[in-house]
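Before any comments, here is the structure.
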Amino acid sequence: MIVDAHSHRFSPDAIVNIGIGDTFVGETCSMGVHPWNTTDNAAAMRDLETLSQRCGDERVVAIGEAGLDRLRGGDMEFQFTVFLAQVELSEKIGKPLIIHAVRTLNEILKVRQTSGATMPWIIHGFRGGKAKAEKVLSTGIHLSIGEKFSLDTIAAIPDDELIIETDESTLTIGEIATKVAEARNTTANAVMTLSAKNIARIFRLVNR
Ligand SMILES: [Zn+2]
């Protein structure tokens with residue numbers, strides 16, 4: 215069972231984020247052109263090409279991280295180009311999109327609306343407050359919660375939307391589940407069970 219929606223370290227119970235040219239590890243991976251890797255336009259375009267060739271592999275369960283970062287990466291216009299290309303790819307191959315969004319939440323929501331995208335989108339490492347979380351969830355976009363989160367957000371996420379991740383944390387997914395459980399007044403086991411169930415549904419992981 216996959217409990218951890220996004221990790222940069224290999225674990226059999228995580229969707230493991232690997233580099234576009236990396237060897238596959240395990241059975242459940244994601245790969246995408248990260249907004250930080252958009253400073254060299256030609257290299258990013260080559261990555262997009264490689265991604266489109268490899269993302270059909272059944273071990274790739276999601277495209278990402280893809281997204282927009284106002285503080286780091288290439289210029290915003292090019293970041294948009296690379297992000298939109300991956301939105302299109304996600305729709306074309308029918309795989310969800312794991313999104314990295316830094317100070318660009320409104321732009322991401324706008325792209326969701328204007329692109330007419332229908333695949334699941336998951337904003338990973340969400341640290342925003344309750345109002346932002348509710349706004350995102352109301353558009354049908356999902357949130358994944360890592361080591362750092364806002365307490366009022368955690369309490370406001372419905373059971374069928376709770377997803378957790380390790381990302382680059384040094385904590386284990388069990389330790390993150392414990393932190394989230396404290397904030398929701400429940401048990402780590404209950405949090406892990408919900409996360410696994412929601413990940414299976416949202417990422418369409420059948421028989422994993
Ligand atoms: Zn990450």
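FYI, the working numbering numbers position 175 of the sequence shown as 389, with every residue one higher than the one before it.
Just so it is clear, CB atoms sit at the ideal spot from N, CA and C, and this is done for glycine as well.
{"Check": "Range of the contiguous alpha helix (DSSP H) that encloses N255", "Outcome": "N255 to R268"}
{"Check": "Own chain partners of R341 with C-beta closer than 7 angstroms, once the 5 adjacent residues on each side are dropped", "Outcome": "K362, F363 and S364"}
{"Check": "Own chain partners of A402 with C-beta closer than 7 angstroms, once the 5 adjacent residues on each side are dropped", "Outcome": "G388, A391, T392 and A395"}
{"Check": "For W250, the nearest candidate out of I232, S225, V275 and L285 (CA to CA)", "Outcome": "L285"}
{"Check": "Inter-residue CB distance, V325 and L298 (contact presumed, cutoff 8 angstroms)", "Outcome": "7 angstroms"}
{"Check": "As assigned by DSSP and simplified to three states, the class of L319", "Outcome": "helix"}
{"Check": "N412 in three-state terms, based on DSSP", "Outcome": "helix"}
{"Check": "Those runs of the alpha helix (DSSP H) which lie wholly inside the region 279 to 359 and span at least 4 residues", "Outcome": "290 to 307, 319 to 329 and 344 to 352"}
{"Check": "Nearest neighbour of I232, chosen from I322, L265 and M215 [CA to CA]", "Outcome": "L265"}
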